[in-house]
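A.B. asks: In mature numbering (1 follows the signal peptide of the UniProt record, and there is no 0), the protein residues as written are -20 to -1, 1 to 301.
Built from N, CA and C at the ideal position, the CB exists for glycine as well.
Fair warning: this is a prediction, and the values are worked out from it, not measured in the lab.
Take a look at the following structure, please.
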């Protein structure tokens, strides 16, 4: 029975590849470099007769079963079956939009796909920002030309954030709904894990890392599309070693003073520091300006990672900041 099912799926997928999909999202063009062309491209739309098709066959909504994974599986071999979600309580939908501020983070390196993703995110509403991931060094993300690997090409990231802004504004045309801002989470830069010398890097001052990060921030700030940068104040190491994320946390030294310098150099962009902040007292120091050793601190806040996951209750008084 299992083999028969697999054969049916394979044949269905091959058939769709050869004859095209009658009921799918509009085909995505290749990555774009010309900003002016973004506005001429359509947002994702359903093609074919799916919206008006008769419900000849449908699969009943079942709690714990008709989730997105099951629906994806069925859609591999059937384009016209009416698929139902699990029942979603109406109160959950209403409450979800009352739990702001929530930020949608997306990953990818294709400007056109990012434009469409940002447009869809804006259409759902409730998100205060849509954040582009330029900081994750994991092999899985890097293999998709996303995450920290994007920092190797600042001009390409500039095209990405412009595309995201285009998608957000196109989706919001003709409405009074507040539009989410485009933000970017990134590192100070990236280095090759195979050649990176942690001891030598610790003996250096911040000048080299600052120049690297400033070049990246300058490229995206000039677009006028980015409202905020979340800077993980250490290098990201890219390479095929395991576990990558642990090495990235422990090996490259933190350089938090660079974040404050960036905030002074780019007053039109808000900056949030990330990395090494482990308590609410330390967050308060960042907000007051003491964390970076500067009398004037333009960094608006601090982002906390694993400390908030491992000890969430230690941040229970966050609203007092």
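1. When DSSP labels each residue in this structure, what does residue 107 get in the three-state scheme?
2. Short of 7 Å in beta carbon distance, which residues of its chain neighbour residue 190, apart from the five on each side in sequence? Order them along the chain.
3. Using only alpha-carbon positions, find the residue among 63, 145, 34 that is nearest to residue 48.
4. Can you name the start and end residues of the beta strand (DSSP E) that residue 193 belongs to?
5. In terms of residues, what are the limits of the alpha helix (DSSP H) holding residue 56?
6. Please confirm if the region 161 to 172 is in contact with the region 193 to 213, defined as three or more CB-CB distances below 8 Å between the two stretches.
7. Where are the alpha helix (DSSP H) runs, 4 residues long or more, that stay fully inside the region 213 to 263, in chain order?
8. If you drop the 5 nearest sequence neighbours on each side, which residues of the same chain put their C-beta closer than 7 Å to that of residue 80?
9. Since residue 132 is in the beta strand (DSSP E), which residue starts that stretch and which ends it?
10. Quick check: the Cα distance between residue 201 and residue 267, rounded to an integer number of angstroms?
11. Please say whether residue 88 and residue 136 have beta carbons closer to each other than 9 Å?
12. Compute the beta-carbon to beta-carbon distance between residue 114 and residue 165, rounded to the nearest angstrom, for a pair I have assumed lies under 8 Å.
13. Quick one: complete alpha helix (DSSP H) runs, 4+ long, within the region 56 to 89?
C.D. replies: For this structure:
1. Locating residue 107 in the chain shown gives position 127, counting from the first residue. Of the three classes helix, strand and coil, the one that applies to residue 107 here is strand, per DSSP.
2. Translated into the one-based positions of the chain shown, residue 190 becomes position 210. Around residue 190: 238, 241.
3. For the purposes of this step, residue 48 is identified with residue 68 of the chain shown, where counting begins at 1. Of the listed residues, the one whose Cα sits closest to residue 48 is 63.
4. The count along the chain shown starts at 1 and reaches residue 193 at position 213. In this chain, residue 193 is not harboured by any beta strand (DSSP E); it is covered by the alpha helix (DSSP H) spanning 187 to 201.
5. In the chain shown, counting from the first residue as 1, residue 56 sits at position 76. Where residue 56 is concerned, the enclosing alpha helix (DSSP H) stretches over 48 to 57.
6. A contact exists between the region 161 to 172 and the region 193 to 213.
7. As far as the region 213 to 263 is concerned, its whole alpha helix (DSSP H) runs of at least 4 residues are 224 to 230, 237 to 245.
8. Residue numbering aside, residue 80 sits at position 100 when the chain shown is read from its first letter. The beta carbon of residue 80 lies closer than 7 Å to those of 106, 108 in the same chain, with the five residues before and after it left out.
9. Looking up residue 132 in the chain shown gives position 152. Element bounds for residue 132: n/a, residue is neither H nor E.
10. Locating residue 201 in the chain shown gives position 221, where the first residue counts as 1. Locating residue 267 in the chain shown gives position 287, where the first residue counts as 1. Cα to Cα, the separation comes out at about 22 Å.
11. Numbered from 1 along the chain shown, position 156 holds the residue referred to as residue 136. Numbered from 1 along the chain shown, position 108 holds the residue referred to as residue 88. Judged by their CB atoms, residue 136 and residue 88 are not nearer to each other than the 9 Å cut-off.
12. The residue labelled residue 114 in the question sits at position 134 within the chain shown. The residue labelled residue 165 in the question sits at position 185 within the chain shown. Residue 114 to residue 165, Cβ: 6 Å. Contact.
13. The qualifying runs are 70 to 76.
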